Amino acid sequence: MESYLSNLFTTAQEHGNCFTLFHKSNSTELEMIAIESGLSESAVVRGLNNESVDIEMSMKPFAPNEIIRFRVNFAEDEYTTLNEPISGRFIIHDNSQIAVIREKSYRIQPGKYYIFYLSKYTDRLLPAPYVTDCRDYDVYNNNNNNDNNKNNNDKNDNYMMADSNNDSLKMIQQQQQQQNNQQEKETLESNNLLFREPSSKANCVIGCMARKTIETCNCWPPELPFLFNPELNASENHLKWCDWREKPPIKKWLDHKLPNETWFQYCFNKHEDECNGQCKADCRIDRYRIVSEEIEWPFKERIEHTDDNDLRRLKSCCAVISIRYWSAEQKINQYKPRFEIAEFTSNIGGLLSMWLGFSLFGFYNLNEKFFVRLWRHCMNERPQQQQQNTTEIDNDNDRKDSNQRSLPYIRKRSKQFSEENHGHSNVSSNT
Numbered sequence: 001m002e003s004y005l006s007n008l009f010t011t012a013q014e015h016g017n018c019f020t021l022f023h024k025s026n027s028t029e030l031e032m033i034a035i036e037s038g039l040s041e042s043a044v045v046r047g048l049n050n051e052s053v054d055i056e057m058s059m060k061p062f063a064p065n066e067i068i069r070f071r072v073n074f075a076e077d078e079y080t081t082l083n084e085p086i087s088g089r090f091i092i093h094d095n096s097q098i099a100v101i102r103e104k105s106y107r108i109q110p111g112k113y114y115i116f117y118l119s120k121y122t123d124r125l126l127p128a129p130y131v132t133d134c135r136d137y138d139v140y141n142n143n144n145n146n147d148n149n150k151n152n153n154d155k156n157d158n159y160m161m162a163d164s165n166n167d168s169l170k171m172i173q174q175q176q177q178q179q180n181n182q183q184e185k186e187t188l189e190s191n192n193l194l195f196r197e198p199s200s201k202a203n204c205v206i207g208c209m210a211r212k213t214i215e216t217c218n219c220w221p222p223e224l225p226f227l228f229n230p231e232l233n234a235s236e237n238h239l240k241w242c243d244w245r246e247k248p249p250i251k252k253w254l255d256h257k258l259p260n261e262t263w264f265q266y267c268f269n270k271h272e273d274e275c276n277g278q279c280k281a282d283c284r285i286d287r288y289r290i291v292s293e294e295i296e297w298p299f300k301e302r303i304e305h306t307d308d309n310d311l312r313r314l315k316s317c318c319a320v321i322s323i324r325y326w327s328a329e330q331k332i333n334q335y336k337p338r339f340e341i342a343e344f345t346s347n348i349g350g351l352l353s354m355w356l357g358f359s360l361f362g363f364y365n366l367n368e369k370f371f372v373r374l375w376r377h378c379m380n381e382r383p384q385q386q387q388q389n390t391t392e393i394d395n396d397n398d399r400k401d402s403n404q405r406s407l408p409y410i411r412k413r414s415k416q417f418s419e420e421n422h423g424h425s426n427v428s429s430n431t
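What the sequence shown shows, in the UniProt record's numbering, is residues 1 to 431, in sequence order.
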């Protein structure tokens with residue numbers, strides 16, 4: 001088990017274990033594969049030494065358009081179902097995807113030599129606000145990883161600043177830091193296994209449907225590939241496969257499940273449309289047109305140098321797969337904006353000149369004059385307001401001075417008037 005896990009990207013799927021060569025997450029394996037190609041009569045070796053995927057030795061030189069040739073060992077002795085034929089499934093897909101083997105795959109059998117001719121087509125879409133509204137998953141994931149690393153560094157810096165202030169606080173924050181690191185580690189492990197940072201729309205849909213199935217029925221759907229990593233200790237590693245013939249281990253399902261709804265529909269199938277809507281299309285989509293050819297194997301050159309026992313063993317255990325280019329040309333369909341920025345502005349200027357009688361340059365001059373006059377008007381109003389405020393203050397001061405000058409006269413006048421009244425009262429009393 002450890003031998004092919006170290007060299008191949010392995011997933012568990014409905015039809016069994018699936019081994020992926022040249023996956024993007026394990027790109028270093030390309031450097032470990034020895035490739036010796038040529039048109040000479042010497043033996044040519046291409047492929048990977050492995051228990052399940054072995055190299056093919058042949059005196060026949062490789063074709064100029066041949067990419068890789070490898071031998072698949074079906075290990076017929078390990079089959080537990082004797083009534084089923086020994087066979088496998090083969091699929092060619094983009095190296096950033098986790099392929100679903102039940103879709104667009106070819107059946108391969110031992111004792112056969114398969115040749116697959118590839119023609120590659122690439123679509124390059126445009127992100128929002130254009131209609132295609134795609135997402136560059138590589139750039140998106142790199143930005144998320146950089147943000148996470150930055151946040152972790154900021155947290156560590158904050159902890160170090162607080163540690164220098166108080167020893168008791170240091171112990172508490174170290175414990176909190178360990179708990180946070182453990183939670184972040186568990187989250188990252190879960191993200192890796194559920195493809196929550198997908199490298200394509202297909203992986204995004206896989207992760208979305210897997211999460212919703214786990215939340216609903218607490219099991220992993222066999223329709224999706226499952227990535228098991230023994231180095232990680234995540235809860236998804238301990239999930240069971242969903243058995244649609246039996247009720248999944250869930251509670252209060254009668255409150256949510258419809259009467260005529262199967263477990264497959266309730267747990268898994270109903271989430272497909274929602275996940276397809278949530279996951280945007282790739283900004284780069286690689287498609288492959290494949291033409292296959294099937295030949296009896298081993299070849300005559302091998303039969304002449306092989307005894308009968310070895311010949312029967314090869315016919316019953318192994319098959320050879322050769323992948324070749326159909327053509328060296330690659331067709332690229334690239335979407336471009338209908339109007340560039342310069343074209344868009346020139347079109348607006350043409351419409352303005354046609355319907356309003358002035359050009360975009362004239363419209364710019366008009367706006368410039370309007371804002372200049374508005375600025376001057378505002379600047380002229382400010383001195384007038386200051387002058388008006390000064391005049392009002394002077395008027396208030398004059399009023400106060402006049403009031404203060406008239407106040408003694410009024411007081412004196414009122415005092416004299418009171419004395420006269422007092423004198424008249426005395427005279428009248430004497431009479």
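Note that CB positions come from ideal geometry on N, CA and C, so glycine has one too.
None of these values were measured; they are calculated from a predicted model.
Just the Cα atoms here: how many angstroms apart are residue i and residue j?
i	j	result
Ser346	Tyr266	55 angstroms
Tyr335	Met379	51 angstroms
Ile91	Glu215	30 angstroms
Phe268	Lys212	8 angstroms
Glu340	Arg124	17 angstroms
Tyr137	Arg71	33 angstroms
Asn276	Val205	6 angstroms
residue 434	Lys112	No answer is possible for residue 434: the residues shown for the chain start at 1 and end at 431.
Phe19	Ile348	56 angstroms
Gly207	Asn73	31 angstroms
Trp355	Tyr325	57 angstroms
Arg245	Trp263	8 angstroms
Lys369	Cys279	49 angstroms
Ala319	Pro127	43 angstroms
Glu14	Ser96	21 angstroms
Thr11	Asp310	31 angstroms
Gly16	Gln330	33 angstroms
List the endpoints of the continuous beta strand (DSSP E) containing residue i.
i	result
Gln334	Lys331 to Gln334
Tyr130	First-last for Tyr130: undefined, no H or E at that position.
Ser119	Lys112 to Arg124
Glu14	Here Glu14 belongs to no beta strand (DSSP E), and DSSP marks it neither H nor E.
Arg102	Note, Arg102: premise wrong, no beta strand (DSSP E); not H, not E.
Asn73	Glu66 to Asn73
Arg245	First-last for Arg245: undefined, no H or E at that position.
Which of the three DSSP states, helix, strand or coil, is assigned to residue i?
i	result
residue 432	There is no way to answer for residue 432, as the model of the chain reaches only from 1 to 431.
Asn276	helix
Trp263	helix
Ser37	With a pLDDT of 33 at Ser37, under the threshold of 50, the modelled position of that residue is not reliable, and no figure is offered here.
Ser200	coil
Glu293	strand
Val320	strand
Cys18	strand
Ile214	helix
Trp220	strand
Arg376	helix
residue 450	This structure leaves residue 450 out entirely; the chain is present only between 1 and 431.
Ile92	coil
Arg287	strand
Phe62	coil
Phe268	coil
Compare the beta carbon distance of residue i and residue j with 8 angstroms and say whether it is the shorter of the two.
i	j	result
residue 434	Pro221	Given a span of 1 to 431 for the chain in the structure shown, any question on residue 434 remains unanswerable.
Leu239	Ile98	no
Pro110	Cys317	yes
Asp282	Cys134	yes
Tyr117	Ile295	no
Glu223	Arg102	yes
Asn284	Thr132	Here residue 284 is Arg; the residue named in the question, Asn, does not match the sequence. Contact: no.
Ser87	Arg107	yes
Asp94	Asp286	yes
Ser119	Ser327	yes
Ile332	Ile67	no
Pro259	Tyr130	no
At which residues does the alpha helix (DSSP H) containing residue i begin and terminate?
i	result
Thr345	Ile341 to Trp355
On the CB-based measure, 16 or more other CB atoms within 10 Å of its CB, does residue i come out buried or exposed?
i	result
Met209	buried
Lys201	buried
Ile321	buried
Leu21	buried
Ile342	Before going on, a small fix: residue 342 reads as Ala here, not Ile. Burial call: exposed.
Pro198	buried
His377	exposed
Lys247	exposed
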